[in-house]
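The next block holds one structure in the form of structure tokens; read it before the comments.
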Amino acid sequence: MQQPGQHGGGVGEPLGPNQPQQQQPGLQDMMFTRQQIMMLLQLEQRVQQLEQRLQQLEQHVQQLEQQVQQLEQQLQQLMLLMQQLVQSVRSPPPIRSPQFNPGRPPGAHDKRHTHRTR
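Be aware that the sequence shown starts at 2, since it is given in our numbering, and climbs by one per residue.
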């Protein structure tokens, strides 16, 4: 057995608690180099930028959806107007102005009609 003052004793005692940490498997793998840390920080910044961009895009999408709703309402109103126009053209008012029968005297049509019924 060695005395505490010789080779192993005095030097070995302070090393004792440190040895398990140095020999732990995988600890070296968990240490990051400066370059890796910089990359991680850049990635983190990029993620934050992308999250902000995503929020902006979501807001933009909401605005677009509102615009689409407004446009759909306008379209419905226009369709109604079109239907009303088409109906007013198909069924004109019963009283026609003289411009619809140009070149004929006012009573000519009635006279012909009376001739046919004789």
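Glycine included, every Cβ here is placed at the ideal spot set by N, Cα and C.
Spatial neighbours of residue i in its chain, beta-carbon cut-off 8 Å, leaving aside the 5 residues before and after
i: Phe-33; result: Leu-41
Other residues of its chain near residue i: CB distance less than 6 Å, five sequence neighbours each side excluded
i: Glu-59; result: none
i: Ser-89; result: none
i: Gln-85; result: none
i: Leu-76; result: none
Sequence-distant residues of its chain with Cβ nearer than 7 Å to residue i (five each side left out)
i: Gln-71; result: none
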